[in-house]
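Residue numbers (mature numbering (1 follows the signal peptide of the UniProt record, and there is no 0)): -22 to -1, 1 to 118. Every residue, glycine too, gets a C-beta built ideally from N, C-alpha and C. To start, the structure itself, in C-alpha cells.
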Amino acid sequence: MKKTILKFATVTALLTYGLVNASASDISKLDVKKECNVEVNGVEKVIATAAKYNEIAIKHKVEFMRLGMKASQYIEAVDAALKSGAKNIDIVDDKKKKTSEATIEFGAWRACSFAISALTQEEEAKTDWKLASPSDGYKY
C-alpha cells in the first residue's frame, strides 16, 4: 500500500511539473479516450492525469459538474477509495447526500474526461463562440 501511495505521489509530482509547461495548444490536442483509458493506463495514472488538468480547469473557472458532483469530488473520492482499498465510490448530490455508487474505474474515467473536456471546450469556445452569435451575421 505504501508503494502504491509513493508511486501515486511521484506520478502526481511529475505531472504537476509538466503542468507549468502545458500550453493551450497542447491541451486542445489531447485525446480524451487515449488519456483516460483506465484499462490501458491504470486507475492511478488516469486519476493523476485528471488531477493535473482539473487543477488548470479550476484556475480557469471551467471545472465540470454533473449530477451534483464536480470533477474534483470524483478525484477525491477515487483517491480515498484507493487508500482504503474500496472498490466503489459514492455518487453524491449537491447536498452531499448519497444517490448511488460507481466503481473506482468509472470515477477515475469520469474525472479525467471532465477535466480534459473542460479545457478543450474552453479552447474551442475561443474560436467558435462568436460564430454562434446571430448579431455577427453567422448563418445557421
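Query	Result
Cβ distance (whole Å) where I53 is taken to contact I25 below 8 Å	6 Å
Alpha-carbon to alpha-carbon, K7 and D71	32 Å
Straight-line gap, D68 to T105 (C-alpha atoms, nearest Å)	37 Å
T27 classed as buried or exposed, judged by whether at least 16 other C-beta atoms fall within 10 angstroms	buried
Residues of its chain near A80, where Cβ-Cβ distance is below 7 Å and the 5 sequence neighbours each way are ignored	N66, I67 and I69
Nonlocal neighbours in the same chain, by C-beta distance under 6 Å from S78, ignoring five residues either side	I69
Limits of the unbroken beta strand (DSSP E) element including K76	K76 to T81
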